[in-house]
Amino acid sequence: MKSFEVSDSVLDSLKGLVAAHPFLTLVESERFVFRAPTEKDKKYIACISGGGSGHEPTHAGFVGNGLLTAAVAGDVFASPSTKQILNAIKVVSSDKNCEGVLLIAKNYTGDVLHFGLSAERANHLDINCKLAITGDDVAVGKKKGGHVGRRALAGTPLVHKITSAFAEQYGGKYGLDGCAEIVSILNESLVTIGSSLDHCKVPGRKFESELNDNQMELGMGVHNEPGVETLDPIPDAKELISKYMLPKLLDSSDKDRYFVEFDNEKDEVLLLVNNLGGLSNFVLSSLTHLTLDLLEKEYKMKPKQVLSDTLMTSFDMKGFSITLLNASGASKKIKAKFPEIDSVFGLLNAPTNAPAWPTINTNEAPSYDESLLKDEINTKAVGKFDFKAFATIMKSAAENLIKAEPHLTELDSKVGDGDCGYTLKAGAEGILKALPELEKKDLTLSQTLSQLADVIESSMGGTSGGLYSIFISGITLGVIEHGKEKEQVDREILAKALQQGLDTLYKYTQARPGSSTMIDALEPFVKTFADTKGDFSKAVKAADEGAQSTAKAEAKFGRASYVGNSSDIPDPGAIGVVEFLKGAEQAMN
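Dropping the structure here:
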């Protein structure tokens with residue numbers, strides 16, 4: 006696997022973070038980042054976290070007002086030293102309004118030892134300091150976890166945010182013990198399970214994995230350690246979440262892993278779907294929707310709030326984790342001890358300028374009038390025609406285009422990006438689907454063409470869908486201008502309408518005959534149809550000759566224009582036009 010390598014990846018990463026966010030200060034010699042107090046004259050408890058690097062944006066990305074006061078970075082997947090942590094404690098506790106320092110460490114042996122020792126030494130220096138440990142994993146059950154407890158996964162950033170907001174707002178009143186109690190309550194209310202298609206690539210190290218192309222792992226940690234189960238073959242996303250992930254979070258019969266009790270229909274729940282580093286935003290959002298859908302259908306659970314973001318990673322690991330926080334349970338326990346707090350959501354959503362914390366806008370989403378989206382036929386009714394004959398011709402044309410898809414795809418794979426055949430096929434399928442519905446509406450030709458323009462644009466999408474929709478919209482306008490409301494559309498009117506469609510298309514594209522595009526087939530067809538007073542077969546022949554001529558010219562438009570030599574291969578878009586027309590010709594004959 007390829008990766009960009011830098012000489013000192015940890016320090017360079019921190020330098021880059023601070024350069025982009027000038028309110029942060031980096032102490033290079035100790036590799037920790039800190040920020041100034043949010044309010045200069047208010048008593049507070051400082052919160053420091055940290056750990057091995059490689060989990061970005063955890064931890065340094067969460068330093069900011071209303072979140073961590075400082076973060077200490079160790080080597081990749083290795084705890085920072087006691088010296089680093091202690092020096093961070095000294096710096097942040099030097100502020101006169103800081104009444105104590107809460108260390109929030111993940112439940113891994115190195116972190117617990119080094120942060121714990123730092124807290125002890127800080128107290129020897131008469132600095133009020135305490136360690137709180139986070140753990141939210143359910144992959145490793147109670148029996149195997151034993152006295153070690155649960156690993157810390159993506160629930161940790163939630164603990165950072167809620168606890169830090171409390172420490173900043175109420176730390177002066179409830180002190181260090183009160184802040185540590187918040188961490189404890191949150192741990193009791195959090196569960197997380199992760200999964201990944203493979204291990205991550207650590208910069209500077211060789212990529213290693215025992216998984217083959219048909220395997221993935223369930224219950225991955227964030228240090229490249231193996232999961233608790235290898236899945237072979239790889240299930241689809243729905244099966245993975247439904248069968249393997251959610252049951253480990255919510256199955257009350259699994260006593261070994263049922264760490265948090267949920268009243269699925271009554272409890273307010275926070276859902277976090279976290280990117281472990283290697284997923285696109287598109288995939289992450291899709292997985293979030295799928296998780297929400299399965300929670301509601303299979304568990305009758307509707308989370309009150311959803312976070313879908315990259316909060317705790319393992320470099321480029323191609324996986325994600327699902328975290329559930331029983332906000333009702335946590336809020337009830339917190340309010341019993343700290344009456345000012347009605348809900349953890351208030352602390353979670355409190356403002357912060359931390360670089361990596363997702364901006365959360367809790368304003369009510371706007372509503373809209375759904376009637377605005379209904380398909381209304383406002384096109385002027387012009388042009389009587391035989392719809393059944395029209396539908397027969399269009400059906401034959403669409404089917405012939407669908408039949409040609411493999412050939413078009415093959416051509417486009419050589420001169421473009423390989424999707425022309427699929428795009429045209431999608432448009433043809435849209436036409437086939439729309440025809441029975443259009444027949445029920447008793448429309449004129451202008452209205453029918455207007456509807457088909459919308460169908461083609463929505464079914465094809467992209468540039469091709471837009472171009473064909475514009476062309477048909479132009480034809481529609483031509484029928485309206487040259488036809489009459491209650492009279493049959495003849496070939497002369499149709500020829501004028503086709504020309505108007507081409508003229509309309511030319512307003513929005515610079516492509517002309519010789520550009521090696523669909524125009525090389527379309528213009529000869531339109532011109533010949535007019536010149537021969539509506540001889541469809543001669544017009545199709547002219548279109549075919551125009552399409553074949555594109556094999557002798559370099560593409561000047563579209564993705565094919567970016568590809569190397571395309572002059573030996575006919576343009577797939579032009580060939581697609583001809584295949585559609587030939588299908589129509591078959592029905593007409």
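Counted the way the working numbering counts, the sequence shown spans residues 6 to 594.
Virtual Cβ for every residue (Gly too), placed ideally from N, Cα, C.
The alpha carbon of A185 has as its nearest neighbour, out of E442, L195, L136 and V32, the alpha carbon of L136. Going by DSSP, K135 is part of the beta strand (DSSP E) stretching over C134 to T139. Between A110 and Y513, the alpha-carbon positions lie close to 59 Å from each other. Within a 10 Å sphere around the beta-carbon of V11 sit fewer than 16 other beta-carbons, which makes this residue exposed. Under the three-state reduction of DSSP output, R126 falls in the helix class. Closest in C-alpha terms to T114, from the list A83, A144 and G105, comes A83. A residue is called buried when at least 16 other Cβ atoms come within 10 angstroms of its Cβ; F350 meets this threshold and is buried. The beta-carbon distance between L284 and L251, rounded to whole angstroms, is 18 Å. This is too long to meet the 8 Å contact definition. Of all alpha-carbon atoms in A394, S478, N112 and E273, the one lying nearest the alpha-carbon of V153 is that of N112. Classified as buried, A402 has 16 or more neighbouring CB atoms from the shown chains inside 10 Å of its CB. If you draw a straight line from the Cα of L437 to the Cα of P162, it is about 51 Å long. Per DSSP, reduced to three states, the secondary structure at S214 is coil, with no helix or strand assignment.
In the assembly as shown, D576 is a buried residue. Its beta-carbon has 16 or more other beta-carbons within 10 Å. Sorting E444, G466, I346 and M399 by C-alpha distance to the C-alpha of Y427 places G466 at the top. Comparing C-alpha distances from G519 to each of T537, V494, I485 and K557 shows the shortest one belongs to K557.
The way I'd put it, the region 265-278 does touch the region 324-334; three or more beta-carbon pairs between them come closer than 8 Å. Contact between the region 114-123 and the region 160-179 is absent: fewer than three C-beta pairs spanning the two stretches fall below 8 Å.
Burial of R155 is indicated by the presence of at least 16 other C-beta atoms within 10 angstroms of its C-beta. It is roughly 39 Å from the alpha-carbon of I475 to the alpha-carbon of D314.
Secondary structure of V106 (DSSP, three-state): strand.
Taking C-beta atoms as the reference points, R126 and L91 count as a pair closer than 9 Å. For K88, the three-state secondary structure derived from DSSP is helix. Within its own chain, the residues whose Cβ lies closer than 7 Å to the Cβ of K307, once the five positions on either side in sequence are excluded, are E301, listed in chain order. Residue burial annotation: F67 is buried, with at least 16 other C-beta atoms found within 10 angstroms of its C-beta.
Take the alpha-carbon of D237 and the one of L202: they are about 11 Å apart.
For E266 and L255, the gap between their C-alpha atoms comes out near 8 Å.
By the criterion of a C-beta distance shorter than 7 Å, C103 is surrounded in its chain by Y49, A51 and V97, once the five residues flanking it on both sides are discounted. Our two residues, V106 and T357, have alpha carbons roughly 19 Å apart in a direct line. Rounded to whole angstroms, the gap between the alpha carbons of G140 and N192 is 6 Å. Listed in chain order, the alpha helix (DSSP H) elements of length 4 or more contained wholly in the region 415-456 are 425-444. For M221, the enclosing beta strand (DSSP E) begins and ends at M221 to L223.
For E33, the number of other beta carbons within 10 angstroms of its own is below 16, and it is reported as exposed.
Assignment of L72 by DSSP, reduced to helix, strand and coil, places it in the coil class. A straight-line Cα-Cα distance of about 23 Å links K340 and I365. In the three-state scheme derived from DSSP, where H, G and I count as helix and E and B as strand, G282 is classed as strand.
Within the same chain, T87, I90, L91, I94 and L108 come within 7 Å of S123 by CB-CB distance, once the 5 residues on both sides are set aside.
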